[in-house]
Amino acid sequence: HYAGRLVNIHPSLLPAFPGLHTHRRAIEAGCRFAGCTVHRVTAELDHGEYLEQAAVPILPGDTPEQLAARVLTQEHLIYPRAIERLLALVD
127 HYAGRLVNIH PSLLPAFPGL HTHRRAIEAG CRFAGCTVHR VTAELDHGEY LEQAAVPILP
187 GDTPEQLAAR VLTQEHLIYP RAIERLLALV D
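So the sequence shown is numbered by this note's numbering: it starts at 127 and just counts up by one.
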(Lines of atoms letter the chains of each structure in order from A and count residues from 1; the text may use other names and numbers.)
(Lines give C-alpha, C1' and ligand atoms only; values in the text may rest on other atoms or scores of the structure.)
Protein backbone atom coordinates (compact mmCIF):
# COMPACT_ATOMS: atom_id res chain seq x y z
CA HIS A 1 0.00 0.00 0.00
CA TYR A 2 2.81 2.44 0.85
CA ALA A 3 5.44 1.07 -1.55
CA GLY A 4 7.41 3.95 -3.02
CA ARG A 5 5.53 6.50 -0.92
CA LEU A 6 7.70 6.67 2.21
CA VAL A 7 10.93 8.63 2.61
CA ASN A 8 13.65 8.48 5.24
CA ILE A 9 16.58 10.65 6.17
CA HIS A 10 19.79 8.85 7.03
CA PRO A 11 22.85 10.50 8.63
CA SER A 12 25.44 9.35 6.09
CA LEU A 13 26.24 9.77 2.44
CA LEU A 14 24.66 6.54 1.33
CA PRO A 15 25.64 4.01 0.16
CA ALA A 16 28.41 4.52 2.75
CA PHE A 17 27.61 3.53 6.33
CA PRO A 18 24.04 2.24 6.32
CA GLY A 19 22.63 1.36 9.71
CA LEU A 20 23.70 2.73 13.08
CA HIS A 21 26.70 4.65 14.46
CA THR A 22 27.36 6.38 11.15
CA HIS A 23 29.38 9.30 12.51
CA ARG A 24 31.71 7.13 14.58
CA ARG A 25 32.20 4.76 11.68
CA ALA A 26 32.99 7.58 9.23
CA ILE A 27 35.59 9.07 11.59
CA GLU A 28 37.16 5.67 12.31
CA ALA A 29 37.36 4.93 8.57
CA GLY A 30 39.38 8.10 8.03
CA CYS A 31 36.81 9.73 5.77
CA ARG A 32 37.30 13.38 4.91
CA PHE A 33 33.57 13.99 4.41
CA ALA A 34 30.32 12.78 5.91
CA GLY A 35 26.76 13.88 5.35
CA CYS A 36 23.15 12.86 5.04
CA THR A 37 20.80 11.31 2.51
CA VAL A 38 17.05 11.55 1.96
CA HIS A 39 15.92 8.37 0.22
CA ARG A 40 12.84 6.38 -0.61
CA VAL A 41 12.13 3.57 1.85
CA THR A 42 12.40 0.02 0.55
CA ALA A 43 12.39 -3.37 2.24
CA GLU A 44 16.19 -3.28 2.33
CA LEU A 45 17.73 -1.13 5.10
CA ASP A 46 18.83 2.33 3.91
CA HIS A 47 18.39 1.56 0.24
CA GLY A 48 16.04 3.07 -2.25
CA GLU A 49 16.29 5.98 -4.63
CA TYR A 50 18.39 8.85 -3.30
CA LEU A 51 16.37 12.05 -3.42
CA GLU A 52 18.82 14.51 -1.89
CA GLN A 53 22.28 14.45 -0.29
CA ALA A 54 24.46 16.99 1.51
CA ALA A 55 28.09 16.71 2.58
CA VAL A 56 30.03 18.22 5.48
CA PRO A 57 33.75 18.01 6.19
CA ILE A 58 35.11 15.79 8.92
CA LEU A 59 37.47 18.05 10.82
CA PRO A 60 40.66 16.97 12.61
CA GLY A 61 39.79 15.93 16.16
CA ASP A 62 36.06 15.68 15.46
CA THR A 63 34.02 13.60 17.88
CA PRO A 64 30.97 11.71 16.64
CA GLU A 65 28.81 14.22 18.52
CA GLN A 66 30.44 17.24 16.83
CA LEU A 67 30.09 15.65 13.43
CA ALA A 68 26.48 14.70 14.16
CA ALA A 69 25.64 18.32 14.98
CA ARG A 70 27.00 19.54 11.62
CA VAL A 71 25.19 16.76 9.75
CA LEU A 72 21.93 17.57 11.56
CA THR A 73 22.10 21.15 10.30
CA GLN A 74 22.22 19.80 6.74
CA GLU A 75 19.40 17.33 7.44
CA HIS A 76 17.16 20.26 8.36
CA LEU A 77 17.94 21.85 4.99
CA ILE A 78 17.66 18.89 2.63
CA TYR A 79 14.62 17.10 4.06
CA PRO A 80 12.14 19.91 3.29
CA ARG A 81 13.77 20.42 -0.12
CA ALA A 82 13.30 16.73 -0.97
CA ILE A 83 9.67 16.81 0.16
CA GLU A 84 9.01 19.94 -1.93
CA ARG A 85 10.46 18.22 -5.00
CA LEU A 86 8.30 15.14 -4.41
CA LEU A 87 5.17 17.24 -3.97
CA ALA A 88 5.93 19.09 -7.21
CA LEU A 89 5.78 15.74 -9.01
CA VAL A 90 2.23 15.18 -7.71
CA ASP A 91 0.84 18.42 -9.17
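Using N, Cα and C, we set each Cβ at its ideal position, and we do this for glycine too.
* To do: Taking only heavy atoms of the ligand MN into account, decide whether any of them is closer than 7 Å to the Cβ of Ala-142.
  => Among the components of this structure there are no ligands whatsoever, and the ligand MN is therefore not found.
* Give the secondary structure of Tyr-128 by DSSP, where H, G and I count as helix, E and B as strand, and everything else as coil. => Sequence index remark: in the sequence shown, residue 128 carries index 2 (1-based). If DSSP states are grouped into helix, strand and coil, Tyr-128 belongs with coil.
* **Ala-152 beta carbon less than 8 Å from that of Ala-160** => Position 34 of the sequence shown holds residue 160. Position 26 of the sequence shown holds residue 152. Yes; because the gap between Cβ atoms is below 8 Å, this pair is in contact.
* Throw me the rounded Cβ distance for the Pro-137 and Ala-194 pair, which I believe falls under 8 Å. => Numbered from 1 along the sequence shown, position 11 holds the residue referred to as residue 137. Numbered from 1 along the sequence shown, position 68 holds the residue referred to as residue 194. The beta-carbon distance between Pro-137 and Ala-194, rounded to whole angstroms, is 7 Å. This is short enough to meet the 8 Å contact definition.
* Asked: Terminal residues of the continuous beta strand (DSSP E) containing His-165?
  -> Residue numbering aside, residue 165 sits at position 39 when the sequence shown is read from its first letter. First-last of the beta strand (DSSP E) with His-165: 159-166.
* Since Arg-158 and Pro-183 are thought to touch, with beta carbons under 8 Å apart, how far apart are those beta carbons, to the nearest angstrom? -> Position 32 of the sequence shown, counted from the start, is the residue given in the question as residue 158. Position 57 of the sequence shown, counted from the start, is the residue given in the question as residue 183. The pair is a contact, with the Cβ atoms about 7 Å apart (cut-off 8 Å).
* How big is the Cα-Cα spacing for Thr-163 and Leu-146? -> Position 37 of the sequence shown, counting from 1, holds the residue named residue 163. Position 20 of the sequence shown, counting from 1, holds the residue named residue 146. Cα to Cα, Thr-163 sits roughly 14 Å from Leu-146.
* Asked: Can you give, in chain order, each stretch of the alpha helix (DSSP H) that sits fully within the stretch 145-206 and has at least 4 residues?
  -> 148-154
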